[in-house]
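Peer 1:
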Amino acid sequence: MMKEKSISASKASLVFFLCQMISALDVPLDSKLLEELSQPPTITQQSPKDYIVDPRENIVIQCEAKGKPPPSFSWTRNGTHFDIDKDAQVTMKPNSGTLVVNIMNGVKAEAYEGVYQCTARNERGAAISNNIVIRPSRSPLWTKEKLEPNHVREGDSLVLNCRPPVGLPPPIIFWMDNAFQRLPQSERVSQGLNGDLYFSNVQPEDTREDYICYARFNHTQTIQQKQPISVKVFSMDSLNDTIAANLSDTDIYGAKPVTERPPVLLTPTGSTSNKVELRGNVLLLECIAAGLPTPVIRWIKEGGELPANRTFFENFKKTLKIIDVSEADSGNYKCTARNTLGSTHHVISVTVKAAPYWITAPRNLVLSPGEDGTLICRANGNPKPSISWLTNGVPIAIAPEDPSRKVDGDTIIFSAVQERSSAVYQCNASNEYGYLLANAFVNVLAEPPRILTPANKLYQVIADSPALIDCAYFGSPKPEIEWFRGVKGSILRGNEYVFHDNGTLEIPVAQKDSTGTYTCVARNKLGKTQNEVQLEVKDPTMIIKQPQYKVIQRSAQASFECVIKHDPTLIPTVIWLKDNNELPDDERFLVGKDNLTIMNVTDKDDGTYTCIVNTTLDSVSASAVLTVVAAPPTPAIIYARPNPPLDLELTGQLERSIELSWVPGEENNSPITNFVIEYEDGLHEPGVWHYQTEVPGSQTTVQLKLSPYVNYSFRVIAVNEIGRSQPSEPSEQYLTKSANPDENPSNVQGIGSEPDNLVITWESLKGFQSNGPGLQYKVSWRQKDVDDEWTSVVVANVSKYIVSGTPTFVPYEIKVQALNDLGYAPEPSEVIGHSGEDLPMVAPGNVQVHVINSTLAKVHWDPVPLKSVRGHLQGYKVYYWKVQSLSRRSKRHVEKKILTFRGNKTFGMLPGLEPYSSYKLNVRVVNGKGEGPASPDKVFKTPEGVPSPPSFLKITNPTLDSLTLEWGSPTHPNGVLTSYILKFQPINNTHELGPLVEIRIPANESSLILKNLNYSTRYKFYFNAQTSVGSGSQITEEAVTIMDEVQPLYPRIRNVTTAAAETYANISWEYEGPDHANFYVEYGVAGSKEDWKKEIVNGSRSFFVLKGLTPGTAYKVRVGAEGLSGFRSSEDLFETGPAMASRQVDIATQGWFIGLMCAVALLILILLIVCFIRRNKGGKYPVKEKEDAHADPEIQPMKEDDGTFGEYSDAEDHKPLKKGSRTPSDRTVKKEDSDDSLVDYGEGVNGQFNEDGSFIGQYSGKKEKEPAEGNESSEAPSPVNAMNSFV
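Next up, the structure:
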């Protein structure tokens, strides 16, 4: 188990290059080991491929290499051997391949132009450098030319050509005037990429004679200047005056006024153009237009969007800048110039090509005899680069044969290598835009294991924290590492330990019993070695009595406690802080062993006090707040703030000092403790008062120090314990003389805002710090470590200067010196700044993932070269996400997680992984500018883990000797389920447990019938699932078998009855058993395999209403009692009624309503009997009166207003009973209108129920569908119809 965790899966990673393997294993190699092991040469430093040198200085061509034995060096020049001994001007540095060409003896640098290549060789192979092209820098003078003045009419466009001399490298162009001030630029006036100065339209203020183009050559630190260009703009008013002065009054004269013009492109010309740029470079596109009003430029990409985060607009949006371009940025870019009179546009077709770039660069191999390995060299580019191999600097096709190697395109395969197979291989990837050359050696070593960690090293940790015990090792083949507890203890295994690839043993949570001796054993086929180390686990430090919040009156005493408990072998130190700072240096603060006491508390003591306890292994802290309040004042004495001082007087005036005196005001019963002196600078900041100094309350004079060039006035404020007085009246003013500045700006910094600039900032001097008029700053800078001369510029009273055209992220020495009209401040100190950062160019390589256990993995990567970071290395980010679960094979929404590792760290832990899942990750380097490209996605899988508990366990159908168990599979199987484990045992009345029985159940089962159980016995069940890793957590349940099948076990629930309506049902039952039982109702769709739904019954009622049921659906229902496991009623089935078009809501099952209806029916019956008797006796009945008063209803006219039939409209149906009740004209009650229908009584499927489930008989009849026709009958009406009319 331990071997699987500590040995990498790839056979090639069993061997390693000496220094690189140390990084991978996180252990250092000592110097003795490095001296003993052979190593082919490795180029460690070389000059750039395109090397432009300063022709005034010696040429240094770098070539450094390492190896064992130390390599020898040789050079070629222009493809042939360069014999250094025959050239007296060329020397090679000792123990190095670096060449130094001495050109101080009158030799011209041009004589050494050419292509140089260095070879480093020892007995194990030869490494070669890139082809280094040497070219001296050139900064030629401007050609002399006669420049004619430019006479331009106001509103016309103008282009001032710069045409700088061709230099190497090309110069940086800028326009200035005779005073060395940059010419202001705007949307109207701007400098193009070619250095020319463009005017979209000229204005009278553009008239001047000192338009000067400057060219700065950085390599030679020289600036060349073109002859000044004169521009004279004629305005329309002045032109008209000139014409008027030369013509008679009778002549017609007058120049046309300034006319507005639509845009015209000054550059580029035409409607289309083409541009080719290389991948990774900066793409610059430019459009400058003439027109009046000044045109506005807009950019778009046809058929796409401008790339976010990489697109910038410069030169007032006339220049489109896209950094780090790729092939996806190819396409047509359209610029449009627009003003109020129209628009014009230009389309630039951009094609992005690519010099070769690495996909997989070859990496060094360290193999042991007989092992296999591969060198892989993969590159891409546009066009696709060709790959060629060399060995020891010779093309592999003509190199000596090696039977252990086979070349297969971009891969060399090694089989059964021998010690003579050691060599250095070169891979060359090239296309028309450049080439890549990489050296990678194959070093065949046979070394027995060695442990580099010192013997008996002592490790100390705090309990409950991780413990890391090192076992740094080396060997070839890579040794296997095993750990033992004690000298002869058993091998360590299990999840309580983590075994790292570098040999380190990690105890994630160390306990006191982890203390002891640990033995590390390293072995390979050449031998075995071991080492013992000691681990001590200490008790944690704790604050057992913490400081408490306190409210203290002034002048009282405050005390905070801090009582600690610590390991007796550790020595604690206690530190007290106030507001996270050191305690004031005041004798009132007394620090004891376990407390802090503050004597004579004042308002200044308000704040948060923190007790910090430190040991060599841990630290703890606790805080409390102190609030100071005023003591209750003595009624007899009124305390108040003092009155302001009086009679301020200035005496003893000198250039840098003066004496101030005053008379104190009234103290108001509280002694004056001190006086505060403030000053006003009427010259620089009138009306603003600044703190000068303060003196004790017994002092009424003070000698004040003054600064030059300040118009002083002073005021004094008295202070007592109550507060501060009002300020005194200001003193007379005193103006000091001017002088050189005494100090320089502070907080000087150099931080680039763009990859090609350096922004120098500083905090400007305050007005009184200038010491005189004309405050300016001399800003100086030079590139660090290249022996450049200082470049300086004097700027106005600002706080920033931008140096353009700098290399990306190089260090600069910077200083800023103040000066005024009288001279300079003292020489300033130098600070180090850096030019602007750019996004990293290279992704971390060799990303490896080592899965430690099912929820934890460790990721390794190689650090990127610092030069490729192009900024301050902030760290690495690891993006990882779950692709799918291996058990479910179902993908889900990808949620990427990000872990950031600060600094130059090359490994990290990925916690919280899900077992048995597939993951992907990539790594990116981060600098101050942002993230670099991502490494290729790395796929890894977590092993199986133990499953979660089964989702449920239900026990049903108890009989005399059997129980039925049903369960659900685990929510998180964390692997492939192999089986379920069921354990159960009987429980007697005293809760004692009987013998435990265990059953293994196949993983595809979901229910089980346990037979041959004891009757009337309670059983406790333990149930869990298993994978190949082990068992998961278990769930428990209890159930009881019944006593016999004839007489149910007491208590019991029986006679479950159901009355169903359309969407609800009333469930009732009978319960026999103890009081205070809590019932629940379970129900579900009949025949469905879905889980039972459960409803809790409030109180001890024996009925319940199930709501929200589906009409026309068959349901199953059962009743159970809470707390009695397995105690439920038998199932009952019922069916809801079909949905009705219009539901009536009945309340007729209520007792009060039934009684009311009975009383009404009895009353109506009595009235009908009385009416019948009166009718038989000849008495008149109101209905008869109706007949006498109206004609036959069949011939009554229809009302015009509402279309109803006279008296017998629908409104009459709702009149009181005295109007009489109507029956059909045939004096019979129609069968379909009978109120005796069982449906109306609610006994059919359409019967209605109240919300509480009680039954409602349909006592009211149906409403008649149309009015009665024919004459009213004099017979007694139907009682039911009479009741219908009443209701």
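Reading the sequence shown from the start, the letters are residues 108 to 1394 in the numbering used here.
We treat Cβ as the ideally placed atom computed from N, Cα and C, and that holds for glycine.
This structure is a prediction, so every number in the text was calculated from the model and none was measured.
Quick check on G387: does DSSP put it in helix, strand or coil?
Peer 2: Here the question's residue 387 lines up with position 280 in the sequence shown. In the structure shown, G387 sits in coil (DSSP, three-state: anything other than H, G, I, E or B).
Peer 1: Quickly, what does DSSP pair K595 with across the bridge? List them, please.
Peer 2: Translated into positions along the sequence shown, residue 595 becomes position 488. According to DSSP, K595 bridges with nothing at all.
Peer 1: Between S1069 and L1103, is the Cβ-Cβ spacing less than 8 Å?
Peer 2: As a working mapping, residue 1069 is identified with position 962 in the sequence shown. As a working mapping, residue 1103 is identified with position 996 in the sequence shown. Their beta carbons are not under 8 Å apart, which means S1069 does not touch L1103 by this criterion.
Peer 1: Can you have a look at F324 and say buried or exposed, based on whether 16 or more other CB atoms are within 10 angstroms of its CB?
Peer 2: Here residue 324 is taken as the residue at index 217 of the sequence shown, counted from 1. By the 10 Å Cβ count, F324 comes out buried.
Peer 1: Please work out which residues of its chain come closer than 7 Å, Cβ to Cβ, to R245, disregarding the five sequence neighbours upstream and downstream, and give them in chain order.
Peer 2: Taking the first residue of the sequence shown as 1, we reach residue 245 at position 138. Correct list, in chain order: G274 and L275.
Peer 1: By the DSSP assignment, the alpha helix (DSSP H) with L1270 in it spans what residues?
Peer 2: What you label residue 1270 is simply residue 1163 of the sequence shown in a count that begins at 1. L1270 -> alpha helix (DSSP H) spans G1258 to N1283.
Peer 1: Should F548 go down as buried or exposed, given a rule of 16 or more other Cβ atoms within 10 Å for buried?
Peer 2: Taking the first residue of the sequence shown as position 1, residue 548 is located at position 441. F548 should be labelled buried.
Peer 1: Just to confirm, are Y540 and L385 a CB contact at a threshold of 8 Å?
Peer 2: By 1-based counting over the sequence shown, the position of residue 540 is 433. By 1-based counting over the sequence shown, the position of residue 385 is 278. In contact: Y540 and L385 (Cβ atoms closer than 8 Å).
Peer 1: What residue from A227, I159, M1264 and Q153 has the CA that sits closest to P178's CA?
Peer 2: Within the sequence shown, residue 178 is the residue found at index 71, counting from 1. The candidate whose alpha carbon is nearest that of P178 is A227.
Peer 1: Just the Cα atoms here: how many angstroms apart are M108 and S1055?
Peer 2: In the sequence shown, the residue the question calls residue 108 occupies position 1. In the sequence shown, the residue the question calls residue 1055 occupies position 948. Because M108 carries a pLDDT of 36, less than 50, the predicted location of this residue cannot be relied on, and the following value inherits that uncertainty. Those two C-alpha atoms are separated by around 23 Å.
Peer 1: CA-CA distance, T314 and C320?
Peer 2: As a working mapping, residue 314 is identified with position 207 in the sequence shown. As a working mapping, residue 320 is identified with position 213 in the sequence shown. If you take the alpha carbons of T314 and C320, they lie about 16 Å apart.
Peer 1: Thinking C-beta only, is F1091 closer than 8 Å to K1061?
Peer 2: The sequence position of residue 1061 within the sequence shown is 954, counting from 1. The sequence position of residue 1091 within the sequence shown is 984, counting from 1. Cβ atoms of K1061 and F1091: not closer than 8 Å.
Peer 1: Quick check on the burial criterion: 16 or more other C-beta atoms within 10 angstroms. Buried or exposed for T915?
Peer 2: The residue given as residue 915 occupies position 808 in the sequence shown. With 16 or more other Cβ atoms within 10 Å, it is buried.
Peer 1: For L248, which residues from the same chain have a beta carbon less than 7 Å from its beta carbon, with the 5 sequence-adjacent residues on both sides left out?
Peer 2: Counting from one through the sequence shown, the residue named residue 248 turns up at place 141. Result list for L248: P272 and Q331, in chain order.
Peer 1: In the structure shown, what three-state DSSP assignment does I519 receive?
Peer 2: One-based indexing of the sequence shown puts residue 519 at position 412. Correct three-state label for I519: strand.
Peer 1: Would G500 pass as a contact of P463 if the rule is Cβ separation under 8 Å?
Peer 2: By one-based count along the sequence shown, residue 500 stands at place 393. By one-based count along the sequence shown, residue 463 stands at place 356. No, they are not a contact pair.
Peer 1: Do you know whose CA, among E434, V531 and H453, lies nearest L482's CA?
Peer 2: Here residue 482 corresponds to residue number 375 of the sequence shown, with the count starting at 1. Taking only the C-alpha atoms, the option nearest L482 is V531.
Peer 1: Can you grab the Cα-Cα spacing for the pair A1041 / Y987, in whole Å?
Peer 2: Looking up residue 1041 in the sequence shown gives position 934. Looking up residue 987 in the sequence shown gives position 880. Taking the straight line from one Cα to the other gives about 12 Å.
Peer 1: Taking the alpha carbon of T624 as the reference point, which residue from N631, R163 and E643 has its own alpha carbon closest?
Peer 2: The residue labelled residue 624 in the question sits at position 517 within the sequence shown. Answer by Cα proximity: E643.
Peer 1: Counting Cβ pairs, one atom from each stretch, are 3 or more of them under 8 Å apart for the segment 748-761 and the segment 806-824?
Peer 2: Segments in contact, yes.
Peer 1: In angstroms, rounded to a whole number, what distance separates the CA positions of W1176 and I1160?
Peer 2: Within the sequence shown, the letter at position 1069 stands for residue 1176. Within the sequence shown, the letter at position 1053 stands for residue 1160. Near 7 Å, if we compare the C-alpha coordinates of I1160 and W1176.
Peer 1: Restricting to runs no shorter than 3 residues, where is the beta strand (DSSP E) found entirely within the segment 969-1034?
Peer 2: The segment 969-1034 contains these whole beta strand (DSSP E) runs: 980-992, 1004-1009, 1014-1017 and 1024-1034.
Peer 1: Cutting at 7 Å between CB atoms, please list the residues of its own chain near Q618, excluding the five before and the five after it.
Peer 2: Translated into the one-based positions of the sequence shown, residue 618 becomes position 511. These residues qualify, in order along the chain: A570 and V644.
Peer 1: Helix, strand or coil: how does DSSP classify Q310 here?
Peer 2: Counting from one through the sequence shown, the residue named residue 310 turns up at place 203. Looking at Q310 - three-state DSSP - the assignment turns out to be coil, as it is neither helix nor strand.
Peer 1: Roughly how many angstroms separate the alpha carbons of G398 and I429, rounded to a whole number?
Peer 2: For this step, residue 398 is matched to residue 291 along the sequence shown. For this step, residue 429 is matched to residue 322 along the sequence shown. So the two alpha carbons sit approximately 27 Å from each other.
Peer 1: On the criterion of 16 or more Cβ atoms from any shown chain inside 10 Å, does Y786 qualify as buried, or is it exposed?
Peer 2: For the purposes of this step, residue 786 is identified with residue 679 of the sequence shown, where counting begins at 1. So Y786 ends up on the buried side.
Peer 1: Please report how far the alpha carbon of E393 lies from the alpha carbon of K425, in whole angstroms.
Peer 2: Taking the sequence shown and counting its residues from 1, the one referred to as residue 393 is at position 286. Taking the sequence shown and counting its residues from 1, the one referred to as residue 425 is at position 318. Answer to the nearest angstrom: the Cα atoms are 6 Å apart.
Peer 1: Whose CA, out of I1005, K382, P400 and T1066, lies closest to the CA of S456?
Peer 2: As a first step, residue 456 is located in the sequence shown; it is residue number 349 there, counting from the start. Nearest of I1005, K382, P400 and T1066 to S456, Cα basis: K382.
Peer 1: Count the other CB atoms within 10 Å of the CB of C1265; is the residue buried (16 or more) or exposed (fewer)?
Peer 2: Position 1158 of the sequence shown, counting from 1, holds the residue named residue 1265. Exposed.
Peer 1: Could you pull out every unbroken alpha helix (DSSP H) segment of at least 4 residues lying fully inside the segment 754-781, listed in chain order?
Peer 2: As far as the segment 754-781 is concerned, it has no whole alpha helix (DSSP H) run of at least 4 residues.
Peer 1: Closest by CA to N851, which one among R184, N538, Q876 and V1030?
Peer 2: Numbered from its first residue, the sequence shown carries residue 851 at position 744. When only C-alpha atoms are compared, the closest one is Q876.
Peer 1: In the structure shown, what three-state DSSP assignment does L650 receive?
Peer 2: As a working mapping, residue 650 is identified with position 543 in the sequence shown. Note on identity: in this sequence residue 650 is Ile, with Leu being the wrong assignment. I650: strand per DSSP, three-state reduction.
Peer 1: Among the residues of its own chain, which have a CB less than 8 Å from the CB of I77, if the five just before and after it don't count?
Peer 2: Here the chain comprises residues numbered 108 to 1394, so residue 77 is not present and cannot be evaluated.
Peer 1: Is the beta carbon of S181 less than 8 Å from the beta carbon of I168?
Peer 2: Here residue 181 is taken as the residue at index 74 of the sequence shown, counted from 1. Here residue 168 is taken as the residue at index 61 of the sequence shown, counted from 1. No, these two residues do not count as a Cβ contact at 8 Å.
Peer 1: Can the beta-carbon of D863 be found less than 8 Å from the beta-carbon of G912?
Peer 2: The residue labelled residue 863 in the question sits at position 756 within the sequence shown. The residue labelled residue 912 in the question sits at position 805 within the sequence shown. Going by C-beta atoms, D863 is nearer than 8 Å to G912.
Peer 1: Nearest CA to the CA of P1218: which residue from E1242, K1196, E1202 and V1212?
Peer 2: The residue you call residue 1218 lines up with position 1111 of the sequence shown. Residue E1242 is the option with its Cα nearest to P1218.
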